[in-house]
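A quick write-up on the structure given underneath.
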Amino acid sequence: MIPTRLSEGDEIRVIAPSNSLQSVGGYVANQPANDRLSALGYQVTFGQHVLVMDQFNSSPIEARIADLHAAFIDDNVKAILAVTGGYNSNELLPDWTVNHGQCDRGMVTNRRRLI
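Residue 79 in UniProt numbering sits at position 79 of the sequence shown, with consecutive numbering throughout.
Structure (structure tokens):
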């Protein structure tokens, strides 16, 4: 499965499947990355829970899954960018194919996204 190339004006959704954006400085510390992507002509948006942080520097599993699913089902999103990788992103796997109200197993195969 090969996703479509990004074009000027495409939306890139930033999500936090592992560590919160807050754990790496929040919006302010990461503004240069946002500025670079915007300068390339992309629209950068953020998952609803990207700043939520618990004692493990991440949001609850359900919140991380919700942001990932929201990025896949939003037809405006053409690419998904993770804040960081990390050991706790594997916590999402058991819930990945669970129907959370809107998503199903075909969520990934039916909606091509650069990740």
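Built from N, CA and C at the ideal position, the CB exists for glycine as well.
- What residue does the alpha helix (DSSP H) around V28 start on, and which one ends it? 26-29
- Message: I'd like to confirm the pairing. Which residues does DSSP put opposite I12 in its beta bridges?
- Response: V44, A79
- Query: How long is the line joining the alpha carbons of D54 and Q31, rounded to whole angstroms?
  - Reply: 23 angstroms
- Message: Can you list, in chain order, the residues of its chain with a C-beta nearer than 7 angstroms to that of S23? Leave out the 5 residues immediately preceding and following it.
- Response: M53, N57
- Message: With H, G and I counted as helix, E and B as strand and the rest as coil, what does DSSP make of N57?
- Response: coil
- Query: What's the C-alpha gap between R64 and Y87?
  - Reply: Rounded to the nearest angstrom, the two C-alpha atoms are 14 angstroms apart.
- Query: Of all the options D10, I61, P60, L51, which has the alpha carbon lying nearest to the alpha carbon of A39?
  - Reply: D10
- Query: Taking the alpha carbon of T4 as the point to measure from, which residue in N19, A79, S20 has its own alpha carbon closest?
  - Reply: A79
- Message: Measuring straight from C-alpha to C-alpha, what distance separates A33 and Q48?
- Response: When rounded, the separation of the alpha-carbon atoms in A33 and Q48 is 19 angstroms.
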